[in-house]
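A.B. asks: Residues are numbered in my numbering as their position in the sequence shown, beginning at 1, plus a constant of 254.
We put the CB at the ideal spot given by N, CA and C, even for glycine.
Okay, handing you the structure first.
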Amino acid sequence: MEVKTSLLDNMIGVGDMVLLEPLNEDSFIMNLRNRFDHNEIYTYIGSVVISMNPYRSLPIYTPQKVEEYRNRNFYELSPHIYALADEAYRSLRDQDKDQCILITGESGAGKTEASKLVMSYVAAVCGKGQEVNKVKEQLLQSNPVLEAFGNAKTMRNDNSSRFGKYMDIEFDFKGDPLGGVISNYLLEKSRVCKQPRGERNFHIFYQLLSGASDDTLMKLKLDRDFSKYNYLSLDSANVNGLDDAASFRTVRNAMQIVGFMEAEVQSVLELVAAVLKLGNIEFKPESRVNGFDESRVKDKNDLKEMCELLGIEQSVLERAFSYRTVEAKMEKMSTTLNVAQAYYARDALAKNLYSRLFSWLVTRINESIKAQAKTRHKVMGVLDIYGFEIFEEGDNSFEQFIINYCNEKLQQIFIELTLREEQEEYIREDIEWTNIEYFNNAVICDLIENNQNGILAMLDEECLRPGTVTDDTFLDKLNTICAEHQHFESRLNKNSKFLTDHSLPHSCFRIQHYAGKVLYRVEGFVDKNNDLLYRDLSQAMYKATHSLMRQLFPEGNPAKVNLKRPPTAGFQFKASVGVLMKNLQTKNPNYIRCIKPNDKKVAHIFTDSLVCHQVRYLGLVENVRVRRAGYAFRQPYESCLERYKMLCKKTWPQWRGPARDGVEVLLTDCSVPTEEFAYGRSKIFIRNPRTLFTLEERRRACLEDLATLIQKIYRGWKSRTHFLLLKKSQVVVAAWYRRYAQQNKYQKIKSATLVMQSFIRGWKARNILRQLKYEKRCKEAVTTIAAYWHGTQVRREYRKFFRANAGKKIYDFTIQRIMQKYFLGLKTTTMSPMDNTWPAKPYGFLEGAHTQLRRIFHLWRCKKYRGQFTEEKKAVYEEKLEASEIFKDKKALYPSSVSQPFKGDYLEIQKNPKYQKLNSAMEEKVLLADLVNKINRANGKGSPRLFLLTKSNFVLADQKTGQVKASVPLPDLASVSVSTQSDGFFALKLKEGSASASKGDFLLSSEHLIEIITKLHRIGTTAADRDQINIDISDEFLVQFKQDKVCVKFIQGGPKNGNSAACKRKNNRLLEVSVPSP
255 MEVKTSLLDN MIGVGDMVLL EPLNEDSFIM NLRNRFDHNE IYTYIGSVVI
305 SMNPYRSLPI YTPQKVEEYR NRNFYELSPH IYALADEAYR SLRDQDKDQC
355 ILITGESGAG KTEASKLVMS YVAAVCGKGQ EVNKVKEQLL QSNPVLEAFG
405 NAKTMRNDNS SRFGKYMDIE FDFKGDPLGG VISNYLLEKS RVCKQPRGER
455 NFHIFYQLLS GASDDTLMKL KLDRDFSKYN YLSLDSANVN GLDDAASFRT
505 VRNAMQIVGF MEAEVQSVLE LVAAVLKLGN IEFKPESRVN GFDESRVKDK
555 NDLKEMCELL GIEQSVLERA FSYRTVEAKM EKMSTTLNVA QAYYARDALA
605 KNLYSRLFSW LVTRINESIK AQAKTRHKVM GVLDIYGFEI FEEGDNSFEQ
655 FIINYCNEKL QQIFIELTLR EEQEEYIRED IEWTNIEYFN NAVICDLIEN
705 NQNGILAMLD EECLRPGTVT DDTFLDKLNT ICAEHQHFES RLNKNSKFLT
755 DHSLPHSCFR IQHYAGKVLY RVEGFVDKNN DLLYRDLSQA MYKATHSLMR
805 QLFPEGNPAK VNLKRPPTAG FQFKASVGVL MKNLQTKNPN YIRCIKPNDK
855 KVAHIFTDSL VCHQVRYLGL VENVRVRRAG YAFRQPYESC LERYKMLCKK
905 TWPQWRGPAR DGVEVLLTDC SVPTEEFAYG RSKIFIRNPR TLFTLEERRR
955 ACLEDLATLI QKIYRGWKSR THFLLLKKSQ VVVAAWYRRY AQQNKYQKIK
1005 SATLVMQSFI RGWKARNILR QLKYEKRCKE AVTTIAAYWH GTQVRREYRK
1055 FFRANAGKKI YDFTIQRIMQ KYFLGLKTTT MSPMDNTWPA KPYGFLEGAH
1105 TQLRRIFHLW RCKKYRGQFT EEKKAVYEEK LEASEIFKDK KALYPSSVSQ
1155 PFKGDYLEIQ KNPKYQKLNS AMEEKVLLAD LVNKINRANG KGSPRLFLLT
1205 KSNFVLADQK TGQVKASVPL PDLASVSVST QSDGFFALKL KEGSASASKG
1255 DFLLSSEHLI EIITKLHRIG TTAADRDQIN IDISDEFLVQ FKQDKVCVKF
1305 IQGGPKNGNS AACKRKNNRL LEVSVPSP
């Protein structure tokens, strides 16, 4: 059975602020602190999620947590961002309602991480499949790319988003993602040129210099040293916890997954490098004849490298930094730029180049992740946008003004959608709707965006009018038109109450936002709103050969010159915010309010004043009041009855009727005042949180009573079970003991009976034995007497003829027994011809027969042994016999060769493909093939040769190529000379006058000398048409080398000569072979 849970179970503080009692700012902050101290970073305000940044990893985002919140009711488990993501996804999938998730909060509050968590949860719970997984991976991997180019380290956050992002994720009818569309808002491009102290430029600059390979940096003309680039701040270039090199590899991988081509990635990196180079360009003044100063580039090296990266002619860009062309109708005018104007033009180009590159990246990502199907899609939007910003010391400028304007619009739509949602639920449940009083910030939005006299409209009007336009003239205009507005404050307006307000400087104005008063410094408003880029620079960029420049600067096309002034930054942002608001109003909203607990970016610190400030400008207490204006708590009848049914005897343990009737009986029995609740169509509405907490207290007390009852029943059941088990065990033990006792008694009786039986049987057996022995003795006595009597009778008859024939018969019998014993002793002799043992002769008269029998038996067993030989084996033994006749007791090498069989073909010449050509050249069968060394007379060294022997000749061939070096017919061979020692040298001497004798004799060495000479001698012996080959065994013999005779002398060598024989040339007539001692 599934256990039903609720948000109210094991609640730390109050999980839903709607139930907070009493409701005020202090109790609100205290509840957040209490939950934060217990690692509960999420809290609800109805369906709104408040998220506290813990500044550390918590084990609440595991796959198990994803499964825990999957397909669960929003209030069923403790507050979590997964609950909101699941509610939005199920509403989109099951009810076909487009959703949007609005994530707001100031920098460092965790908005970006919250958007990642929402996207990762949706990716985890939606469908699976190769195409779906690819889409999910592309959507998730778009984040690292946008963070690298759009995030930076600030004083408040090490990974602060410096742009607003809205992503529409598109799903099919099954709830599987098809693609997405990303919109970006107001990139803080001023950061490219200048960063506040303690902050960094955008991440991509540091990642590129830290993580790119040396080869890539060389192509981009960059150096790893941050200090060489004016646009990079040095005081916080390295940030603890940020690995820029690893992040660069992650960005490269993410761009590949999203679908960027390698050429596109290289083009993007070239533009990033160009921005760094652009910041290093410096100018110097140069006086002209007319008295005006003209700017000139100081060091043209950086300008040259930047032009090479972008493919621009250096002279064109250099002129654009020195001159400005103004066109009006049909006239053109060229004016020089001074140094200040040149620096302004350089920074404007850098900011525009980077911001347009960022917009191109967003467009390129959209091309990759957009849905391919043409059918209608379900859409879930995720808005991650900057929160309300209030800087200290009045440093709020144009960027903060339009950021806060955006937050005013979001607060307006938040209140409207919240009230609309409440009203729709009341109507749906048939509950009477009462108007709720709340602060409507539409008046503040009108102050800023009104087309006639709004601040943005007046700023545009001031930027477009002719004449001298400054920030002060803009402030004067505001003081004139907005003086009477209740939310506008300025020291110079007609309202005299601010004339003495020294907290309001003369160059500032103050707006009473919904989140509080914000002081804006008017300096820079006009320039930042104009956001001008000189036409000369646009046209110079358009002329670049770089693949992206024409897409980034289309207005630079000379064929499409537009004299119309481009729209201002304020106008563009106002239009994009308007489109965003219309988009959000078509979707069902879900809110995540992010709060950072401290400014130190460390865990476990909760700063009350900082949190209070954020609670105020997020309007969270106001949100709770709106939620509680009617009924603070509502719950379906089924859930309410299931949770509180134990409070009434009529509903416990099971209510059989409709759930609404059960709730009515329950509340009546609990005496809840009728004004404290109302019955809807499917839900019970409770007005005051105290009523809910009273029901919870009574439920808790009832659960304790039920727990006590359950414990009592359980203990009784456990004791009874234990007693019955003991009783059953006692019966079993008693039965086994009685069985054991009876078995022992039986065994004793049985053993006593066996003893008595054995004694009786023994007595009977002894009596029988005595009788049998007596009868046996009687029979033996009779037999003995009869034998003696018969013997006496026989001897009397035999004595008459014994003396005449007894001697010869005894002799023959004795000889027969001796010969029989002798022949039986010969049976132990073995059949091995090698066995020389023979039994000794037992008697001297057998000496002749003993010798002859030994000889005959040996010949017979040798014949039997030879009868087992095959023809091949007979030939081998004949060769071995012939080798014994030639070398036995004549050459020291012979004994070691006896145990080695004569193999003949040691080279496997017929199988080895290396010698296939040589084998085919042989006309006869090769009897022996071996590797020998041919001794050179000049130095005594050997050259390896292949020695082949057939019945008619022998051949010497090259070992490597197999080429025949010499082929000698055997009739031309006169003799063979060898030494008496254990060496392998032998000389083949040829007959004088023969055709082969022209080159002289052959002096060779081989490991198989015995086999080679034996086969030569055997061939000569068996051939009828040639003389037998002489074998000369001597330690000194002559060898004929062409015209000269050389003496080969063999001597015994010492251990220093090694284990092999060595041949050395002593003089022209002597070769000395040193043979190691045995």
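In three-state DSSP terms, what is C660?
C.D. replies: In this structure, C660 counts as helix in the three-state DSSP scheme.
A.B. asks: Taking one C-beta from the stretch 833-852 and one from the stretch 862-879 each time, how about it: are there three or more such pairs within less than 8 Å?
C.D. replies: Cβ pair count under 8 Å is three or more, so yes.
A.B. asks: Assuming A363 contacts G641 under a Cβ cut-off of 8 Å, what Cβ separation, rounded to an integer in Å, is found between them?
C.D. replies: Correct: roughly 7 Å between the Cβ atoms.
A.B. asks: Using 10 angstroms around the beta-carbon of K632, count the other beta-carbons present and answer buried if the total reaches 16, otherwise exposed.
C.D. replies: Result: buried.
A.B. asks: Under the three-state reduction of DSSP, which class applies to K814: helix, strand or coil?
C.D. replies: Of the three classes helix, strand and coil, the one that applies to K814 here is helix, per DSSP.
A.B. asks: Confirm, please, whether the CB-CB distance from D498 to Q461 is below 8 Å.
C.D. replies: In contact: Q461 and D498 (Cβ atoms closer than 8 Å).
A.B. asks: Within the chosen definition, does the stretch 358-376 reach the stretch 336-349 through at least 3 CB pairs nearer than 8 Å?
C.D. replies: Verdict: yes, contact present.
A.B. asks: Starting from the N-terminal side, write out each stretch of the beta strand (DSSP E) that is 3 residues or longer and does not extend beyond the stretch 376-404.
C.D. replies: Taking only runs of at least 3 residues, no beta strand (DSSP E) segment lies wholly in the stretch 376-404.
A.B. asks: Where does D1066 fall in DSSP's three states?
C.D. replies: D1066: helix per DSSP, three-state reduction.
A.B. asks: Short check: CB of S490 to CB of H457, under 8 Å?
C.D. replies: No, they are not a contact pair.
A.B. asks: Could you check the C-alpha separation between E1101 and K1095 for me, to the nearest Å?
C.D. replies: Approximately 7 Å, taken between the alpha carbons.
A.B. asks: Between which residues of its own chain and R1272 is the CB-CB distance below 7 Å, once the five residues before and five after are set aside?
C.D. replies: Same-chain partners within the cutoff: E1133, E1136.
A.B. asks: Give me the DSSP bridge partner(s) of N650.
C.D. replies: DSSP lists Y774 as partners of N650.
A.B. asks: For L1202 versus A1220, is the C-beta spacing smaller than 8 Å?
C.D. replies: Against a cut-off of 8 Å, the Cβ pair of A1220 and L1202 comes out as no contact.
A.B. asks: Decide if Y768 is buried, meaning its Cβ has at least 16 other Cβ atoms within 10 Å, or exposed.
C.D. replies: Counting Cβ neighbours within 10 Å, Y768 comes out buried, since at least 16 surround it.
A.B. asks: Please classify E279: is it buried, with 16 or more other beta-carbons within 10 angstroms of its beta-carbon, or exposed?
C.D. replies: Its Cβ having fewer than 16 others within 10 Å, E279 is exposed.
A.B. asks: Nearest to E424 by CA position, among R310, V636, E562, is which residue?
C.D. replies: Among R310, V636, E562, the Cα nearest to that of E424 is on V636.
A.B. asks: So, are the CB atoms of G418 and F612 less than 8 Å apart?
C.D. replies: No, they are not a contact pair.
A.B. asks: Provide the residue span of the beta strand (DSSP E) that contains R289, from first to last.
C.D. replies: First-last for R289: 279-291, but that is the alpha helix (DSSP H), not the beta strand (DSSP E).
A.B. asks: For L1306, which three-state DSSP category applies?
C.D. replies: The question names Leu, yet the displayed sequence has Gln at residue 1306. Of the three classes helix, strand and coil, the one that applies to Q1306 here is strand, per DSSP.
A.B. asks: Using the Cα positions of L571 and A527, report the straight-line distance between them to the nearest angstrom.
C.D. replies: One C-alpha to the other measures close to 17 Å.
A.B. asks: Could you give the distance in angstroms between the alpha-carbon of E518 and the alpha-carbon of M409?
C.D. replies: Distance between the alpha carbons of E518 and M409 is about 33 Å.
A.B. asks: In three-state DSSP terms, what is N852?
C.D. replies: Coil.
A.B. asks: Across which residues does DSSP place A1316 in a beta bridge pair?
C.D. replies: A1316 pairs with S1328.
A.B. asks: Which value, in whole angstroms, describes the spacing of the CA atoms of Q996 and K981?
C.D. replies: Rounded to the nearest angstrom, the two C-alpha atoms are 23 Å apart.
A.B. asks: Taking D497 as part of the alpha helix (DSSP H), name the residues at either end of that continuous run.
C.D. replies: No alpha helix (DSSP H) holds D497; DSSP gives it neither H nor E.
A.B. asks: Alpha helix (DSSP H) containing F728: first to last residue?
C.D. replies: Segment 725-735, the alpha helix (DSSP H) holding F728.
A.B. asks: CB E683 to CB S936, shorter than 8 Å?
C.D. replies: Contact flag set, yes.
A.B. asks: I'd like to know if the stretch 1259-1274 and the stretch 1183-1200 are in contact, where contact means that at least 3 CB-CB pairs between them fall below 8 Å.
C.D. replies: Yes, the stretch 1259-1274 touches the stretch 1183-1200.
A.B. asks: In the DSSP assignment, what are the bridge partners of P1223?
C.D. replies: DSSP lists N1207 as partners of P1223.
A.B. asks: Excluding the 5 residues flanking P1309 on each side, which residues of the same chain have their C-beta closer than 7 Å to its C-beta?
C.D. replies: For P1309, the predicted structure reports a pLDDT of 49, less than 50, and the residue's modelled location is therefore unreliable. The matter cannot be settled from this model.
A.B. asks: Can you tell which of L949, K1062, T1083 has the C-alpha that lies nearest to the C-alpha of Y898?
C.D. replies: The option with the nearest alpha carbon to Y898 is L949.
A.B. asks: Take I639 and list the residues in its own chain whose beta-carbon comes closer than 6 Å to its own, dropping the five residues that flank it on each side.
C.D. replies: Excluding residues within five positions, the ones whose Cβ falls inside 6 Å are G418.
A.B. asks: Measure the CB-CB distance between K731 and E743 and report whether it falls below 8 Å.
C.D. replies: It is not a contact, given that the beta carbons lie outside the stated cut-off.
A.B. asks: Going by DSSP, what residue range makes up the alpha helix (DSSP H) through P1149?
C.D. replies: Where P1149 is concerned, the enclosing alpha helix (DSSP H) stretches over 1148-1152.
A.B. asks: Would you mind sorting G269 into buried or exposed? The rule is 16 or more other CB atoms within 10 Å of its CB.
C.D. replies: So G269 ends up on the buried side.
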